[in-house]
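By numbering that gives the first Met the number 0, the letter at position 105 of the sequence shown is numbered 104, and the numbering carries on one by one without gaps.
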Amino acid sequence: MIFQVLLVIVGFACLIFGANWLVDGASAMAKKYKVSDLAIGLTIVAFGTSAPELVVNIIGSLKGYSDIVLGNIVGSNNFNLFIILGISGLILPITVQSSTAWKEIPISLLAAVLMLFLINDFKFSEPSYLSRLDGIIMLVLFLLFLYYVFTQMKNEPTIQTGFVQKPLRKIWGLILIGLSGLIIGGQFVVTNSVNIANSLGVSEKIIGLTIVAAGTSLPELVTSIVAAVKKNSDIAIGNVIGSNVFNILLVLSISSLIKPIEYNPRFNPDLYILIGGTVFLLTSMLTGQRKKLDRWEAGILLGCYLFYTMYLVMSETT
């Protein structure tokens, strides 16, 4: 099993480096053909941070590992919300723009609530599926979300920074190596995570919610911590909220389009925790020092995740 653990770690490394190389190559390609910074940010960079979740879920869907697919999305979103925002908020109290407090966070909340209802087929007690029709609905909503972000940003002034043009051969090399890293890393993570779950006698759900979710969220963790250290609150929280919306409306929708996802209601408590945490974040932004997540509130987020992890362990052993 030690060898399988090492392969999972190698898989995560391939996912992270692959995503970075893909973003670098695609950004250089866009710059070469004079695509705007805005378009790059909305598409290439956003895709890059969600690429590990997307690749893991595509492979999981093709192999029929529904619990890995769902655990990755729900677990990643909970990790983003409770751990990444919690750590970032302890480093620097997070103050956000009005649009984030009033629009982006509620959009993230609505996405989580929509997922809860669609994936339960409005039954909440019986096994169900996230169908291809559900996936189409979420994908359409994702495109509407992109349109909203575009309309929000198009009037904002852009800062042109120096850009050294890369040779076309190097650009394609970065793109191809990045894609290869994502595919190889995704295969390593999915296959060996399932093998580890079988060896330990734990469910794929627990592996998906913890190990896989935390690993695919590493790009968001690094981005938000660096942003907090540099006192850039908007990036710290925008990265988390944007990633959570991408994971549900884009990654999960593509997963269900590949193959309808079998759903067990035992995931509902994890979704309730995600929704509750998002409500707490929204409330924190609209009360007290408005549009600000204080350190004590960030501490609550971290504490909640600790209790949540204990709940996962206890539910697995009972």
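We put the CB at the ideal spot given by N, CA and C, even for glycine. Source: prediction; values computed, not measured.
Once DSSP output is grouped into helix, strand and coil, what is the label at residue i?
i: residue 37; result: Legend: pLDDT at residue 37 = 48, less than 50; position of this residue unreliable, no value from coordinates given.
i: residue 127; result: strand
i: residue 91; result: coil
i: residue 147; result: helix
i: residue 291; result: strand
i: residue 304; result: helix
i: residue 64; result: coil
i: residue 262; result: strand
i: residue 216; result: coil
i: residue 165; result: coil
i: residue 238; result: helix
i: residue 315; result: helix
i: residue 200; result: coil
i: residue 191; result: helix
i: residue 71; result: helix
i: residue 231; result: coil
i: residue 159; result: In this prediction, residue 159 scores a pLDDT of 49, lower than 50, which makes its location untrustworthy; the coordinate-derived value is nonetheless stated afterwards. The answer is coil: DSSP assigns residue 159 none of H, G, I, E or B.
Could you pull the start and end residues of the alpha helix (DSSP H) that residue i belongs to?
i: residue 271; result: 267-285
i: residue 205; result: 203-206
i: residue 109; result: 104-119
i: residue 16; result: 1-31
i: residue 83; result: Where residue 83 is concerned, there is no enclosing alpha helix (DSSP H), given that its DSSP letter is neither H nor E.
i: residue 256; result: 251-257
Is the beta carbon of residue j closer than 8 angstroms to that of residue i?
i: residue 18; j: residue 181; result: yes
i: residue 297; j: residue 134; result: no
i: residue 53; j: residue 207; result: no
i: residue 238; j: residue 72; result: no
i: residue 14; j: residue 230; result: no
i: residue 61; j: residue 191; result: no
i: residue 318; j: residue 94; result: Look at the range of the chain in this structure, 0 to 317, and you will see that residue 318 is not part of it.
i: residue 78; j: residue 235; result: no
i: residue 307; j: residue 272; result: yes
i: residue 299; j: residue 193; result: no
i: residue 188; j: residue 214; result: yes
i: residue 24; j: residue 183; result: no
i: residue 84; j: residue 292; result: yes
i: residue 364; j: residue 104; result: This structure does not reach residue 364, given that the chain is present from 0 up to 317, and the question cannot be answered.
i: residue 28; j: residue 195; result: no
i: residue 144; j: residue 248; result: yes
i: residue 129; j: residue 118; result: yes
i: residue 75; j: residue 216; result: yes
i: residue 80; j: residue 50; result: no
i: residue 210; j: residue 65; result: no
- Taking contact to mean at least 3 C-beta pairs separated by less than 8 angstroms, is the segment 51-69 in contact with the segment 243-253? yes
- Contact between the segment 273-284 and the segment 99-117 (3+ Cβ pairs under 8 angstroms): Taking 8 angstroms as the limit for Cβ pairs, the verdict is that the segment 99-117 does touch the segment 273-284.
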